[in-house]
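Student: My structure is below; once you've seen it, I'll send some questions.
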Amino acid sequence: GELNLVLTRTIMLRRRRAEVLSELPQLQLVEMPLEAIAEHVSSVVDEYDVRKDAGGCWDGVATMWERVGLCKSRMARELLKEKLGSSAQSGDAAVVFVRHHRVREAVEKALD
Numbered sequence: 003g004e005l006n007l008v009l010t011r012t013i014m015l016r017r018r019r020a021e022v023l024s025e026l027p028q029l030q031l032v033e034m035p036l037e038a039i040a041e042h043v044s045s046v047v048d049e050y051d052v053r054k055d056a057g058g059c060w061d062g063v064a065t066m067w068e069r070v071g072l073c074k075s076r077m078a079r080e081l082l083k084e085k086l087g088s089s090a091q092s093g094d095a096a097v098v099f100v101r102h103h104r105v106r107e108a109v110e111k112a113l114d
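Residue numbers for the sequence shown follow my numbering, beginning at 3 and rising by one.
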């Protein structure tokens, strides 16, 4: 069933860094600039009904970081597919950290 699918995938997305920290190699930071495209921002605004309320606060997302994460997940789709695909082909494990549940869901959706 679903559990078997999750356990046998070559890529698994997990939310809590503390759960896997002891198993990880030394962190390697790589900067990969992503170009923000109006289409990605518009799709996030539409899909999550992101709007400013009368007080100037954003509705539809928990925080500014979640809004940015959702936009980045769309921008990073092809890059993630390429990098994670090459990791899978070489037999290397890949770990993707995200801060918000909806960002994790968006990344999983993009990789399906």
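Backbone N, C-alpha and C define an ideal beta-carbon position, used for all residues, glycine too. Because the structure is a prediction, the values reported are computed rather than measured.
Would you call the CB atoms of Glu68 and His42 closer than 8 Å?
Tutor: Locating residue 68 in the sequence shown gives position 66, where the first residue counts as 1. Locating residue 42 in the sequence shown gives position 40, where the first residue counts as 1. It is not a contact, given that the beta carbons lie outside the stated cut-off.
Student: Nearest CA to the CA of Ser75: which residue from Arg19, Ala40, Glu107?
Tutor: Numbered from 1 along the sequence shown, position 73 holds the residue referred to as residue 75. Of the listed residues, the one whose Cα sits closest to Ser75 is Glu107.
Student: Give the single residue among Gly71, Val100, Val109, Arg104 whose Cα lies nearest to the Cα of Ala20.
Tutor: The count along the sequence shown starts at 1 and reaches residue 20 at position 18. That would be Val100, whose Cα lies nearest to the Cα of Ala20.
Student: Return the bridge partner residues of Asp61 from the DSSP annotation.
Tutor: One-based indexing of the sequence shown puts residue 61 at position 59. Its beta-bridge partners are Arg53.
Student: Please look up how many angstroms separate the CB atoms of Met77 and Leu36, rounded, as I've assumed it's under 8 Å.
Tutor: Counted from its first residue, the sequence shown places residue 77 at position 75. Counted from its first residue, the sequence shown places residue 36 at position 34. Indeed, because the Cβ distance is near 4 Å, the residues count as touching under 8 Å.
Student: Quick check on DSSP: helix, strand or coil for Leu113?
Tutor: For the purposes of this step, residue 113 is taken as residue 111 along the sequence shown, with counting starting at 1. Residue state, collapsed to three classes: helix.
Student: Nearest to Arg18 by alpha carbon, out of Val97, Ser88, Leu31?
Tutor: For this step, residue 18 is matched to residue 16 along the sequence shown. For the residues Val97, Ser88, Leu31, the minimum Cα distance to Arg18 belongs to Val97.
Student: Would you list, in sequence order, the uninterrupted alpha helix (DSSP H) runs of no fewer than 4 residues that lie entirely inside the stretch 23-51?
Tutor: Segments of the alpha helix (DSSP H) lying fully in the stretch 23-51: 40-49.
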